[in-house]
Structure formats: structure tokens, C-alpha cells
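Only one structure is covered here, and it is reproduced in the block below.
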Amino acid sequence: MNLTHAQEGVEYIVKEILTDDEELDSFLFSLGCFSGEPITVISHREGGCVVSIKDGRYNMDTQLAEAIQI
2 MNLTHAQEGV EYIVKEILTD DEELDSFLFS LGCFSGEPIT VISHREGGCV
52 VSIKDGRYNM DTQLAEAIQI
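Those letters in the sequence shown? Residues 2 to 71, by my numbering.
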């Protein structure tokens with residue numbers, strides 16, 4: 002399952018990031034989004050979602066949210 006199907010307010014654990022883009026992997030890693038880390042969808046928006054990772058909140062587009070497997 003990916004973030005686009007996650008329930009709002011429920012904490013999930015990131016299982017893997019499905020992307021071939023090394024820059025995107027590095028960006029997500031810098032946010033603290035990598036395998037084994039908790040992530041929570043705060044709200045679903047048109048074109049993406051707002052997530053909480055560690056102490057930060059981030060707006061992710063649909064393509065990025067689909068790459069994060071939980």
C-alpha cells in the first residue's frame with residue numbers, strides 16, 4: 002500500500018521507496034523518510050497529501066506519495 006491509500010491520522014511505517022531517481026531518494030532521506038521510519042498522513046489534498054515525518058510536516062504530490070510504500 003502507498004500513501005495515497007493511507008488513512009488520515011494513522012501512523013504507518015515506511016516499508017520502501019519505489020523510485021529510480023537518486024535525487025528523489027536523497028531528498029526523502031534528508032526529510033527522514035526512509036525504510037523503517039514512522040510516517041502519518043495528516044490530510045489528503047487534491048493532487049497530493051500532507052504528511053508528518055519526525056517533527057516536520059510536508060506537502061507531497063501524488064507521484065511522490067505513490068512512491069512511498071507503507
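All C-beta atoms in this analysis are idealised placements derived from N, C-alpha and C, irrespective of residue type, glycine included.
Residues sharing a beta bridge with residue i, DSSP
i: Thr41; result: Glu12 and Ser53
i: Asp62; result: Gly49
i: Glu17; result: Gln70
Nearest candidate by alpha-carbon position, reference residue i, set the options
i: Asn60; options: Gly48, Glu12 and Ala68; result: Gly48
i: Ile54; options: Asn3, Glu12 and Asp26; result: Glu12
i: Glu67; options: His45, Leu32, Gly33 and Ser27; result: His45
i: Glu24; options: Arg58, Gln70 and Leu65; result: Leu65
i: Ile18; options: Thr63, Asn3 and Asp62; result: Asn3
Check: residue i C-beta below 7 Å from any heavy atom of the ligand HEM
i: Arg46; result: Looking for the ligand HEM in the displayed structure turns up nothing, as the structure carries no ligands at all.
Neighbourhood of residue i by C-beta distance below 8 Å, restricted to the same chain and skipping five residues each side
i: Gly37; result: Ile14 and Val15
Contact check, residue i vs residue j, beta carbons under 8 Å
i: Val42; j: Cys34; result: no
i: Gly57; j: Leu32; result: yes
i: Gly63; j: Thr5; result: The displayed chain sequence assigns Thr, not Gly, to residue 63. Against a cut-off of 8 Å, the Cβ pair of Thr5 and Thr63 comes out as a contact.
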